[in-house]
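Residue numbers (this note's numbering): 497 to 562.
Ideal Cβ positions, reconstructed from N, Cα and C, are used throughout, including at glycine.
Since this is a predicted model, take the numbers as computed values, not measurements.
The structure appears below as structure tokens.
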């Protein structure tokens, strides 16, 4: 049986560098609060990523165009 797989392509990285392990989205048309009490205006997504490249750091992927 085929497995559904999501990837995340970022500027400066090969397309198959990151695999999305889990994601969660929240949408709000006005001021609302998430379960942890933080505000959400518009859209908020949380991603859990995995890679076989052990040399990746947060600096490599944060604030990159996807």
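Report task. Would you kindly check if the distance between the Cβ of residue 562 and the Cβ of residue 509 is under 8 Å? Result -> no
Requested in this report: Figure out for me which residue from 502, 540, 545, 558 has the closest Cα to the Cα of residue 526.
Outcome: 540
Query raised in the report: What is the DSSP secondary structure of residue 546, reduced to helix, strand or coil?
Result: strand
Query raised in the report: To which residues of the same chain is residue 546 closer than 6 Å at the C-beta, ignoring the five residues directly before and after it?
Result: 515, 517
Query raised in the report: Taking Cβ positions, are residue 549 and residue 513 nearer each other than 8 Å?
Result: yes
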